[in-house]
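These protein sequence lines are chains A and B, in that order. To get this note's numbering, take the position in the first sequence, counting from 1, and add 150. To get this note's numbering, take the position in the second sequence, counting from 1, and add 12.
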Amino acid sequence: MAFALWPEYTIVLGIFATMLAIMIGSRERTIVGYWLALAALVASAIVTTVDWSSRVLPVSLFHQGVTVDAFSLVVDGLVLLAAVGALLIGWNDRRYGTDFPILLLVALLGMMVLGMANNFIVLFLGIELLSLPLYILAASHSPGVSGEAGLKYLLLGAFSSGILLFGLALLYGSSGTMVFTQLDPATMILPLAGAGLALTVVGLVFKLGIVPFHMWVPDVYEGSPMPVTTYMAFGTKVGAAAILLRFLFFGFSLSVDWWGPAIGYLAVLTMIVGNLLALAQKDLKRLLAYSGIANAGYVLVGIASHNMSGARALLFYLLVYGLAILAAFAILTFVAGERDSVSLNDLTGLVYRSPWLAAFLTIAMLSLAGIPLTGGFVGKFYLLQAAIYAGQPGLAIGLVVGAMVGLAAYVRPLQRAFAKPSGSESIEPIRWPIAGAIVLIVCVAGTIGLGVYPGPVVHIVNHSAAFYWLK
Amino acid sequence: MIPLNWIVGLAAALFAIGAVGVLIRKNPLIMFMAAEMMWNAAALVFVAYARSFHAMSGQVMAFIIIGTAAAEVGIGLAIIVSVFHHRHRLDIDEVSQLRG
Chain A
151 MAFALWPEYT IVLGIFATML AIMIGSRERT IVGYWLALAA LVASAIVTTV
201 DWSSRVLPVS LFHQGVTVDA FSLVVDGLVL LAAVGALLIG WNDRRYGTDF
251 PILLLVALLG MMVLGMANNF IVLFLGIELL SLPLYILAAS HSPGVSGEAG
301 LKYLLLGAFS SGILLFGLAL LYGSSGTMVF TQLDPATMIL PLAGAGLALT
351 VVGLVFKLGI VPFHMWVPDV YEGSPMPVTT YMAFGTKVGA AAILLRFLFF
401 GFSLSVDWWG PAIGYLAVLT MIVGNLLALA QKDLKRLLAY SGIANAGYVL
451 VGIASHNMSG ARALLFYLLV YGLAILAAFA ILTFVAGERD SVSLNDLTGL
501 VYRSPWLAAF LTIAMLSLAG IPLTGGFVGK FYLLQAAIYA GQPGLAIGLV
551 VGAMVGLAAY VRPLQRAFAK PSGSESIEPI RWPIAGAIVL IVCVAGTIGL
601 GVYPGPVVHI VNHSAAFYWL K
Chain B
13 MIPLNWIVGL AAALFAIGAV GVLIRKNPLI MFMAAEMMWN AAALVFVAYA
63 RSFHAMSGQV MAFIIIGTAA AEVGIGLAII VSVFHHRHRL DIDEVSQLRG
């Protein structure tokens, strides 16, 4: 019990240590911050596994403000993976300033808080703790494109937080409580509760980047520095999906018909529109941004199906999506080198410059598309299964159509990578920074491993999403 | 004592004004101010209901909203100023190197 919050405390200690080291250290010693941040992340991961194996969960703390259970520990694991990946991809890069590791850790803390929130206050604090450092990180590279990305992210983030807050306020007014598990839809004042729920869901879905509210995602992803984009594409999606699942499954489990159909329609719309828009992109960061939108749609399928297999499939899918997107962004970082964007043309003839990178890119893209023997296939399979168990064939059809459109979008970069170079492209060999190479190799191995032998991870995920009131 | 419905109605009006402001204004500073207005409308609703329930939780939330809004203003103004230094003009339509 006393150990329940140690993964978060470790990160807090890590933030203080990193801050102090950077304040004391001279300009040349920026690398110390990265090592301290990495140490904090590894220590937090170790504490998380200790928590997991201690089997005393779940625990409710701070007057039911936070619930530490197997679900929150799995979310901790996922966001730690995202943070380690982003930190290593941006390892000691002078472009991103000395504050990069600190802000990364603060945002990580927000994501971890979102995984365990059981109260409106904690929900709001988690969202803001996650967003505020990311505004700075998005704008950190240069005042030009990067500043523009930060400005757009800031304005839309403040706007969506406002919607979320007003929704929470109305829900508080209609129910008289702030704790998710004490919300009782049967006694709520109806029009107020309906408006509150709608606004809250819109606010959360904004953060997740679901289709009618997705306009900010491609711009912010394109303008932000590469490791920050990686972090946003994986970490924020995990945090937003976790809090949406917890809020709806814990607070409104008894009134599925209030939100189930709406989430279902949004999921289908997002899967199809996100993949269709990905087809037309020339900039690879934008392509991956639209891919992230479409994948957020797949994640919503797990929520809309509202059963235990949906919650499990959601966690599993977040892991396979994260591995594929980390690998893809590591490759983009290598290809980009000193620049900060990669277009489709830059990939032309990649197989002649670096056969291994081309092979790894193939694996990452095929996993995002959902081809068998990669983790993406298994993840989509579980989501499909959850939708069919829930008796919602429309969701399953939408998922399959979206995946088919997506395949076409993901094949285009591969086609460029394996095309013969026309001679005008740079032919110098690509440098592999050692930290990024570790991320790339681990993620590719994980993607293949989860596609061939998903058993152990499925076991963990099954254990973590065993909410007793679900079928 | 002012009836609860009036306060919630006022907050809803503030929220709507803020939302419309974010959507139609072009100056990032004004847009940011309008977004803060939406936050404050929510804080007002929390305080109003907390008083009618005789509970503290809503008031705690209002304080947390104010504190977080201050942090957000600090970061937001820094970003807006750095973009302004780069361009010497503030118009969201001109800040459009990234096509939305």
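Note that the Cβ used here is the ideal one computed from N, Cα and C, for glycine as well. On a predicted model such as this, the values are computed, not experimentally measured, just so you know.
Using 10 angstroms around the beta-carbon of residue i, count the other beta-carbons present and answer buried if the total reaches 16, otherwise exposed.
i: B/H66; result: exposed
i: A/G181; result: Note that residue 181 of chain A corresponds to Ile in the displayed sequence, not to Gly. So A/I181 counts as exposed.
i: B/W18; result: exposed
i: A/F221; result: buried
i: A/N378; result: In the sequence under discussion, the amino acid at residue 378 of chain A is Val, which differs from the Asn named in the question. So A/V378 counts as buried.
i: A/L170; result: exposed
i: B/A62; result: buried
i: A/S431; result: Strictly speaking, residue 431 of chain A in this sequence is Gln, with Ser absent from that position. Looking at its Cβ environment, which holds 16 or more other Cβ atoms inside 10 Å, A/Q431 is buried.
i: B/G112; result: With a pLDDT of only 49 at B/G112, under the threshold of 50, the placement of this residue in the model should not be trusted, and no figure is reported.
i: A/M262; result: buried
i: A/L340; result: exposed
i: A/F166; result: exposed
i: A/E298; result: buried
i: A/D407; result: exposed
i: B/H97; result: exposed
i: A/T337; result: exposed
i: A/R519; result: Looking at the sequence shown, residue 519 of chain A is not Arg but Ala. By the 10 Å Cβ count, A/A519 comes out buried.
i: A/M328; result: buried
i: A/N445; result: buried
i: B/G21; result: exposed
i: A/H609; result: exposed
i: A/T498; result: buried
i: A/D334; result: exposed
Return the bridge partner residues of residue i from the DSSP annotation.
i: A/A430; result: Partner(s): none; A/A430 has no beta bridge.
i: A/L211; result: A/V216
i: A/N269; result: A/V329
i: A/L292; result: The sequence shown places Ser at residue 292 of chain A, rather than the Leu named in the question. Partner(s): none; A/S292 has no beta bridge.
i: A/S493; result: A/D433
What are the start and end residues of the alpha helix (DSSP H) that includes residue i?
i: A/S311; result: V295 to S325
i: A/D201; result: I181 to S204
i: B/N39; result: Run containing B/N39: none; DSSP gives neither H nor E here.
i: A/D334; result: A/D334 -> no alpha helix (DSSP H), and no H or E assigned at all.
i: A/T380; result: M376 to Y381
i: A/M554; result: P543 to A567
i: A/E372; result: W366 to G373
i: A/L590; result: I584 to V602
i: A/H456; result: Element bounds for A/H456: n/a, residue is neither H nor E.
i: A/K357; result: L340 to L358
i: A/M173; result: W156 to I174
i: A/S614; result: G605 to S614
i: A/I393; result: K387 to R396
For the beta strand (DSSP E) holding residue i, just list the boundary residues, first then last.
i: B/S94; result: Segment S69 to R99 is the alpha helix (DSSP H) holding B/S94; no beta strand (DSSP E) there.
Subject >> Near-chain B residues of the segment 304-323 of chain A - C-beta to any C-beta below 8 Å >> reply: Listed in sequence order: L304, L305, A308, F309, S311, G312, I313, L315, F316, L318, A319, L320, Y322 and G323.
**OP:** Entirely within the segment 227-253 of chain A and at least 4 residues each: give me those alpha helix (DSSP H) ranges in chain order.
**Re:** none
Original post:
Which runs of the beta strand (DSSP E), 3 residues or longer, sit entirely within the segment 399-446 of chain A?
Top reply: none
**OP:** Only counting runs of 4 or more residues, tell me where the alpha helix (DSSP H) segments fall wholly within the segment 476-531 of chain A, in order along the chain.
**Re:** 500-503 and 505-519
Subject >> Against chain B: residues of the segment 252-274 of chain A by CB proximity under 8 Å >> reply: Listed by position along the chain: F270, I271 and F274.
Subject >> Cβ-based contacts, 7 Å cut-off: residues of the segment 88-100 of chain B near chain A >> reply: G88, I91, I92, S94, V95, H97 and H98
Original post:
the segment 13-46 of chain B: which residues have C-beta closer than 9 Å to a C-beta of chain A, in chain order?
Top reply: L16, V20, A23, A24, F27, G30, A31, V34, L35, P40, M43, F44 and A46
**OP:** Identify each residue in the segment 72-83 of chain B for which the Cβ-Cβ distance to at least one residue of chain A is less than 7 Å, and report them in chain order.
**Re:** V72, M73, I76, I77, T80 and A83
Original post:
Between the segment 54-71 of chain B and chain A, which residues of the former have CB atoms less than 7 Å from a CB of the latter, in chain order?
Top reply: A54, V57, F58, Y61, F65, S69 and G70
**OP:** Taking only beta carbons into account, state which residues of the segment 426-456 of chain A come closer than 8 Å to chain B, listed in chain order.
**Re:** none
**OP:** Check distances from the C-beta atoms of the segment 554-569 of chain A to those of chain B and list, in chain order, the residues that come in under 9 Å.
**Re:** none
Subject >> chain B contacts from the segment 323-335 of chain A (Cβ-Cβ distance under 7 Å) >> reply: G323, G326 and M328
Original post:
Just by C-beta distance, which residues in the segment 207-222 of chain A are closer than 8 Å to chain B?
Top reply: none
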